[in-house]
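Protein sequences appear in the order of chains A and B. What the first sequence shows, in the working numbering, is residues 1 to 314, in sequence order. What the second sequence shows, in the working numbering, is residues 315 to 628, in sequence order. These notes concern the structure reproduced below.
There are 2 protein chains.
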Amino acid sequence: MFDRGFQRHGDEAGPVISAELLAVVVAMVDDEPCVLTLGEPQPRLPAGPLLPGHRSLQAATRLWVEEQTGRRLGYLEQLYTFADLDRDGGSTRTVSISYLGLTTPNAETGFGDWRRWYSLLPWEDVRSEPTLLTERIEPQLREWAGSEKSLAGERLQRCAVTFGLDDHPWQPDLVLQRYELLYESGLVPESPPAWRQPDADLVPGDPMVGDHRRALATGLARLRAKIGYRPVVFELMAPEFTLGQLQDCVEALAGRAVHTQNFRRLIEQQDLVEDTGKVESRTGGRPARLYRFRREVLQERQAAGTKLPTGRSR
Amino acid sequence: MFDRGFQRHGDEAGPVISAELLAVVVAMVDDEPCVLTLGEPQPRLPAGPLLPGHRSLQAATRLWVEEQTGRRLGYLEQLYTFADLDRDGGSTRTVSISYLGLTTPNAETGFGDWRRWYSLLPWEDVRSEPTLLTERIEPQLREWAGSEKSLAGERLQRCAVTFGLDDHPWQPDLVLQRYELLYESGLVPESPPAWRQPDADLVPGDPMVGDHRRALATGLARLRAKIGYRPVVFELMAPEFTLGQLQDCVEALAGRAVHTQNFRRLIEQQDLVEDTGKVESRTGGRPARLYRFRREVLQERQAAGTKLPTGRSR
DNA sequence: GCACTTATGCTCTGAGTTAGCATAAGTGCA
DNA sequence: TGCACTTATGCTAACTCAGAGCATAAGTGC
């Protein structure tokens, strides 16, 4: 046991620590979910230290994102707070407080790059045949699981549950668990070299600075879970949209297809949207009605928001 | 706008800040949900600064709770991170990272007080007729809402949604929103004096140090939400229990009654528990079977855990 | 005019919930 | 001993909702 110093509550002035705000900012660009990143070749998330003048953690996050990318955020929610020991060897320690922000990309003024989620976490996209999963990841996970006899059963079950192997269903919101499993099994570049399998064929997907890809996974997980019970998708949509566009957005976020007719029914019966009377005819087929999000629902119900179907066929 | 100093990511050594861990530790004592508190007369939650030697935020929280209360925690999950400007006027700033812990109170060795949730947040208990709500809180909220003509509609709707007035349903997990509404309307002792209504009759419930009651509300909200989709109730139960005890626990947590037969069916059909073969006959009625939580389910399914009924009649 | 695409309406079916009815098996007391 | 009362447990009718499929509408491109 290390020395805890036997400090008690009261002497709140602890040792020197710095707090960093980290933003996972999401928008749909060309019908693909993207994250706002900075830097080449290793992308990183917008981030900055908490300064004495900042009014609140949330305000600080907004300011840093604005300063670094020129974009003003709308929706913003706290994700998670990390404090990794390994980050800096020195005596100061960094606590990272991560946030999830949702916007529309239309502001042409900003800088920073919109990177596609699925170029960063490719295995999360199962809208088409997930050959990446079945052909490259699954065999390697099984090998990793079996490589340690005493843990094999446990590991195998964990892989099966998180990646939907064998008879387990694919669960879209286990994004973080999947990333961590890949990390632990040495299949991503961020994994500690010691954990790497001897003949490992690293899983594709661009790594990010530090543990930013983990923060991204946390954000994606939260977003996928949340679209199921709160009307947050609309934060990513233009003011007016067709139900087809909305469905495309949900499918892109969830990384999975949904049954069109059921999707429409669910959206309509919940009074989440209202008809604008206009139609959009550039659809390539029958023109679609244009709808608008009924912002009032945010006040009307604190919960029981957007229920979204989980089925898979179109 | 204040001076942001135009620091960019990279110079991570921000200004002096201290990080504090705050623990909301819950256990069932005499069939009532309780929180572990310290100090008299104003109770506070166990807390302590993050020190350089701490391995992780979670480990630090465990250590502080152990040191201050002599109790070892089992289940522990992060709740939320706050940074209130008003806390200390000086140049250092405190970031509070709160955790929710679940235990059983059996260890007689510890110190600290188990305080009943509902002595701290009495309006949250609607198992019996909620006269506190209907007779004292509701009228005052309506008055507050009406006191500002231009905001009356909005405020009234907010009150109705969060407290289940008019035709809105009571939503057990809006604990935090209810506390914040009471805070903003000047009905709790913690409210800024300026917000207090001229003839306010403060709502009963023991206040705590600083914003600890807010952290408690956050914990209760999380717990209420989580028992609905993850098997966390069992962390609060003795190793063996009857379904009646389990139901009592759930009802006490949710602050609301559930339909007994449906509850039993739900628990059983999900394979969450296994029969021990023993019976408990001190029930005052027909003896009940003793069950044990099947810990394996924690591995078997990452989600789709304990579904609990939401109905209200017994 | 025809093939193709997307939009939209409607229905069948099965699963899961809510709410009761009914019975079992103890305890406490007249 | 028997009755009132309590808690435990089994079972089912009514209802709600999600999943899946059938069918039609109304555009575009050739």
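We treat Cβ as the ideally placed atom computed from N, Cα and C, and that holds for glycine.
message: Could you compute how far the alpha carbon of residue 436 (chain B) sits from the alpha carbon of residue 341 (chain B)?
response: 17 Å
Residue 460 (chain B) - DSSP class collapsed to helix/strand/coil
helix
Report yes or no: do the region 481 to 493 of chain B and the region 564 to 576 of chain B share at least 3 C-beta pairs separated by less than 8 Å? yes
N-terminal and C-terminal residue of the beta strand (DSSP E) that residue 35 (chain A) is part of: 32 to 37
Report yes or no: do three or more beta-carbon pairs, one from the region 121 to 135 of chain A and one from the region 413 to 429 of chain B, lie closer than 8 Å? no
Check your understanding: For a contact meaning CB atoms closer than 9 Å, what does residue 541 (chain B) contact in chain A?
Key -> The premise fails here: residue 541 (chain B) is roughly 15 Å from chain A at the closest Cβ pair, so nothing lies under 9 Å.
Point to revise | Cβ distance (whole Å) where residue 523 (chain B) is taken to contact residue 358 (chain B) below 8 Å | key: 4 Å
Which bits of chain A does residue 472 (chain B) rub up against, with CB to CB less than 8 Å?
299
* Are residue 495 (chain B) and residue 472 (chain B) closer than 8 Å when you measure CB to CB? -> yes
- Message: Suppose only complete runs of 4+ residues qualify. What are the alpha helix (DSSP H) ranges in the region 166 to 206 of chain A, listed by chain order?
- Response: 175 to 184
- Can you check DSSP and say which residues form a bridge with residue 116 (chain A)? A:34
Just checking, does the region 449 to 460 of chain B make contact with the region 537 to 552 of chain B on the three C-beta pairs under 8 Å criterion?
-> no
Residue 49 (chain A), buried or exposed, once every other Cβ within 10 Å from all chains shown has been counted against 16
buried
Quick one: what does DSSP say residue 253 (chain A) is sitting in, helix, strand or coil? helix
Quick one: is residue 161 (chain A) near chain B, going by C-beta distance under 8 Å? yes
Query - residue 532 (chain B) versus B:466, B:493, B:350, residue with shortest Cα-Cα distance - result: B:493
### Task
Taking only beta carbons into account, state which residues of the region 17 to 37 of chain A come closer than 7 Å to chain B, listed in chain order.
17, 18, 19, 20
Cβ of residue 97 (chain A) within 8 Å of any chain B Cβ = yes
Report, in whole angstroms, the separation of the C-beta atoms of residue 649 (chain B) and residue 572 (chain B), which I expect to be a contact under 8 Å. Nothing can be reported for residue 649 (chain B), as the shown portion of chain B is limited to 315 through 628.
| task | Taking residue 375 (chain B) as the reference, give the member of B:491, B:334, B:433, B:395 with the closest Cα. | result | B:334
- Query: In three-state terms, what does DSSP make of residue 467 (chain B)?
  - Reply: helix
message: Taking 8 Å as the threshold (C-beta atoms), are residue 103 (chain A) and residue 55 (chain A) in contact?
response: no
Residue 612 (chain B): which of B:352, B:389, B:518 sits nearest, CA to CA?
B:389
To which residues of the same chain is residue 479 (chain B) closer than 7 Å at the C-beta, ignoring the five residues directly before and after it? 452, 473
Next item on the list: Out of B:608, B:558, B:607, point me to the one whose CA is closest to residue 596 (chain B)'s CA.
Entry: B:558
- Please go through the region 46 to 91 of chain A and give each complete alpha helix (DSSP H) segment of 4 or more residues, from N-terminal end onward. 57 to 69
(request) Name, in chain order, the residues that DSSP records as bridge partners for residue 415 (chain B). (result) B:339, B:390
With 8 Å set as the bound, which would you pick, yes or no: does the beta-carbon of residue 269 (chain A) sit closer than that to a beta-carbon of chain B? no
What are the start and end residues of the alpha helix (DSSP H) that includes residue 532 (chain B)? 526 to 540
What residues in the region 374 to 396 of chain B have a beta carbon less than 9 Å from any beta carbon of chain A?
374, 377, 378, 381, 382, 392, 394, 395, 396
Leaving aside the five residues before and after residue 415 (chain B) along the sequence, list all residues of the same chain whose C-beta is less than 6 Å from its C-beta, in chain order. 337, 339, 387, 390
Is the distance from the Cβ of residue 294 (chain A) to the Cβ of residue 271 (chain A) below 8 Å?
yes
Task: Neighbour list for residue 154 (chain A) in chain B, Cβ cutoff strictly below 8 Å - done: 613
Specify, as a first and last residue, the run of the alpha helix (DSSP H) that residue 266 (chain A) falls within. 260 to 269
- prompt: Would you report the Cα separation of residue 227 (chain A) and residue 446 (chain B), rounded to the nearest angstrom?
  reply: 35 Å
Residue 627 (chain B) burial status per 10 Å Cβ neighbour count (16 or more: buried): Below a pLDDT of 50, predicted positions are generally treated as unreliable, and residue 627 (chain B), at 43, falls in that range; the measurement from the model is reported next regardless. By the neighbour-count rule (16 or more Cβ atoms within 10 Å), residue 627 (chain B) is not buried but exposed.
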